[in-house]
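Colleague: Reading the sequence shown from the start, the letters are residues 151 to 361 in the working numbering.
Cβ coordinates follow ideal geometry from the N, Cα and C atoms, glycine included.
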Amino acid sequence: MIPKAVYWDMDGTLIDSEPLHERALVAALRGAGIEPPADLHARVVGQAAKPVHAVLRDQFGLGLDFDEWIALKYDYYMDHAPSLLPREGALEIFRDLKARGVVQAIVSNSDRMVIDVNLRAVGIHEPTMKTISRNDVRNGKPDPEPYLRAAWLTEIDPADTVVMEDSVTGATAGVAAGMRTIFWPQDNIEGPAGALVAHSAQEVRALLGLD
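See the structure below:
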């Protein structure tokens, strides 16, 4: 059955932006004089900016404070964001849900400015669509607060919603919010208990009741 609402994670789920986040992170670290390890992205994927900064400070000796570091990262990210593309198959799902009257929202651990530039890049920056950034909540994912805020803003019972996620961090938040959670990872990894796993856009469509 098609849900009343679908709440989309943005980076990696709706938009293929994780590679740019990784390149921006690497550029910022090198700008601070630190050579990043090969598995850096795997260590921080799905996390908000402040927890990532804490990892870099504690594990790699980053000497910049948060504001200095995030400015370095965003200088690179914003310059390259206009070239972003949607994840293969995701935008078609988004548009099909919209055509059927399903309420949709963006729920991200990214900052507001990143959400806005990303959505503009793929042509779905709609003034009436609810978007929840890390700046809008006290606790980011894996806490359920961002998804519960989406349910409150859209005035839909969490039981009637679906969460779309590509990271374990985000899927954990969706499950904790009591929402049906579809875990659509970029890589072949296990999702958290309680999440439904999809390995293709076609499988996502089937789980959403679109096909």
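1. Confirm, please, whether the CB-CB distance from residue 282 to residue 270 is below 8 Å.
2. In three-state DSSP terms, what is residue 220?
3. Please give me, in chain order, every unbroken run of the beta strand (DSSP E) with length at least 3 that falls completely inside the stretch 271 to 330.
4. In three-state terms, what does DSSP make of residue 184?
5. Indicate whether the contact test is met: 3 or more Cβ pairs, each with one atom in the stretch 156 to 168 and one in the stretch 178 to 187, closer than 8 Å.
6. Are the beta-carbon atoms belonging to residue 156 and residue 247 less than 8 Å from one another?
7. What do you get for residue 302, buried or exposed, if any count of 16 or more other CB atoms within 10 angstroms of its CB means buried?
8. Roughly how many whole angstroms lie between the Cα atoms of residue 338 and residue 317?
9. DSSP state of residue 152, grouped into three classes?
10. Please return the same chain residues whose Cβ sits closer than 8 Å to the Cβ of residue 172, not counting the five positions on each side in sequence.
11. Could you say which of 251, 204 and 320 lies nearest to residue 343 if we only look at CA atoms?
12. Three-state secondary structure (DSSP) at residue 225?
13. Under 8 Å, with one C-beta from each stretch per pair, do the stretch 200 to 207 and the stretch 302 to 311 reach the 3-pair mark?
14. Distance check for residue 327 and residue 297, CA to CA, integer angstroms please.
15. For the alpha helix (DSSP H) containing residue 209, name the first residue and the last one.
16. Would residue 254 and residue 228 be called neighbours here (beta carbons separated by less than 8 Å)?
17. Taking just the CA atoms, how far does residue 260 sit from residue 211?
18. Beta-carbon separation of residue 174 and residue 223 under 8 Å?
Modeller: With the structure as the only source:
1. If you number the sequence shown from 1, residue 270 lands on position 120. If you number the sequence shown from 1, residue 282 lands on position 132. In this structure, residue 282 does not lie closer than 8 Å to residue 270 by Cβ.
2. To locate residue 220, count along the sequence shown from 1; it is residue 70. Judged by DSSP in its simplified three-state form, residue 220 adopts helix.
3. Listed in chain order, the complete beta strand (DSSP E) runs (minimum 3 residues) inside the stretch 271 to 330 are 280 to 282 and 311 to 315.
4. Position 34 of the sequence shown, counted from the start, is the residue given in the question as residue 184. In this structure, residue 184 counts as coil in the three-state DSSP scheme.
5. Judged by Cβ distances under 8 Å, the stretch 156 to 168 makes no contact with the stretch 178 to 187, as fewer than three pairs qualify.
6. Taking the first residue of the sequence shown as position 1, residue 156 is located at position 6. Taking the first residue of the sequence shown as position 1, residue 247 is located at position 97. Less than 8 Å divides the Cβ of residue 156 from the Cβ of residue 247.
7. The residue you call residue 302 lines up with position 152 of the sequence shown. The residue in question, residue 302, is exposed, as its Cβ has fewer than 16 Cβ neighbours within 10 Å.
8. Here residue 338 is taken as the residue at index 188 of the sequence shown, counted from 1. Here residue 317 is taken as the residue at index 167 of the sequence shown, counted from 1. Each residue's alpha carbon lies about 11 Å from the other.
9. In the sequence shown, the residue the question calls residue 152 occupies position 2. Note: residue 152 maps to coil in three-state DSSP.
10. Taking the sequence shown and counting its residues from 1, the one referred to as residue 172 is at position 22. Here the set comprises 190 and 191.
11. Indexing the sequence shown from 1 puts residue 343 at position 193. Residue 320 is the option with its Cα nearest to residue 343.
12. On the sequence shown, residue 225 is found 75 positions in, with the first residue counted as 1. It is helical.
13. By the criterion of at least three beta-carbon pairs nearer than 8 Å, the stretch 200 to 207 is not in contact with the stretch 302 to 311.
14. Taking the first residue of the sequence shown as position 1, residue 297 is located at position 147. Taking the first residue of the sequence shown as position 1, residue 327 is located at position 177. Spanning the alpha carbons of residue 297 and residue 327 requires a straight line of approximately 6 Å.
15. As a working note, residue 209 is residue 59 in the sequence shown. For residue 209, the uninterrupted alpha helix (DSSP H) segment begins and ends at 199 to 210.
16. Taking the sequence shown and counting its residues from 1, the one referred to as residue 254 is at position 104. Taking the sequence shown and counting its residues from 1, the one referred to as residue 228 is at position 78. No, the pair does not count as a contact, with Cβ atoms beyond the cut-off.
17. For the purposes of this step, residue 211 is taken as the residue at position 61 of the sequence shown. For the purposes of this step, residue 260 is taken as the residue at position 110 of the sequence shown. Their backbone Cα atoms lie some 23 Å apart in a straight line.
18. Counted from its first residue, the sequence shown places residue 174 at position 24. Counted from its first residue, the sequence shown places residue 223 at position 73. Between residue 174 and residue 223, the C-beta spacing is below 8 Å.
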